[in-house]
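So the structure is just underneath, and the comments pick up after that.
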Amino acid sequence: EGESLESWLNKATHPTNRQEDWEYIIGFCDQINKELEGPQIAVRLLVHKIHSQEWEALQALTVLEACMKNCGRRFHNEIARYRFLNELIKVVSPKYMGDSVSEKVKNKIIEMLYSWTVAFPNEAKIADAYQTLKRQGLVMS
Amino acid sequence: NYDFHDDSDEDLLE
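Protein sequences, first through last, are from chains A and B. For reference, each letter of the first sequence is one residue, going 16 to 156 in my numbering. For reference, each letter of the second sequence is one residue, going 80 to 93 in my numbering.
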């Protein structure tokens, strides 16, 4: 009890915790819901992991998906900001990190972005970010 | 409940 967001996320994305990661993922989501600034802190931590090497990045994206389902409107508000969406664009776009990132990570980000444009049709910033990638020919529909 | 809502944001990366 009383684990910090950072320690929950480190456990959830640690390669040696592959079997019991789900327990840590839910622990991370629960901790977000307990803290006043949970979503803001969590999103910054997730960005750092998404910019790490492949396994941690993929696992962080799985954690992000769980947060979108379990952490409600407060969390959605943080995702629907360019401050966060730009970090995803940096990973996918060859103008930034795209050339040194695995296809698996980039494709998962694109799929997630697309799913958010469907789930949150009135969140214009999410649609803008997706269109930016589409204009650059980075979306294989 | 006290809902600290910070609306500041960046510009979209092109």
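Built from N, CA and C at the ideal position, the CB exists for glycine as well. These numbers were taken from a predicted model, which means no experiment stands behind them.
Span of the alpha helix (DSSP H) around R98/A: Locating residue 98/A in the first sequence gives position 83, counting from the first residue. Its alpha helix (DSSP H) spans residues 97-107.
Rounded C-alpha distance that separates N80/B from C82/A: In the second sequence, the residue the question calls residue 80/B occupies position 1. In the first sequence, the residue the question calls residue 82/A occupies position 67. At N80/B the pLDDT is 40, less than 50, meaning the model places this residue with poor confidence and gives no usable figure here.
Collapsed DSSP secondary structure at Y81/B in the structure displayed: Along the second sequence, read from residue 1 onward, the residue named residue 81/B stands at position 2. The predicted position of Y81/B is uncertain, since its pLDDT is 45 and thus under 50; a value taken from the coordinates is nonetheless stated next. Looking at Y81/B - three-state DSSP - the assignment turns out to be coil, as it is neither helix nor strand.
Per-residue burial, L51/A [other beta carbons within 10 Å of its own, 16 or more giving buried]: As a first step, residue 51/A must be located in the first sequence, where it is residue number 36. Answer is exposed; the Cβ neighbour count stays below 16.
Residue range of the alpha helix (DSSP H) that includes L91/B: Translated into positions along the second sequence, residue 91/B becomes position 12. Counting along the chain, L91/B falls outside any alpha helix (DSSP H), and DSSP gives it neither H nor E.
Of the residues D114/A, V116/A, E102/A, L153/A, the one placed nearest I12/A, counting alpha carbons only: Past the boundaries of the shown model lies residue 12/A; chain A is included only from 16 to 156, so the question cannot be answered.
Contact set for R96/A: own chain, Cβ-Cβ below 7 Å, skip 5 residues either direction: Residue 96/A sits at position 81 when you count from the first residue of the first sequence. Here the set comprises K140.
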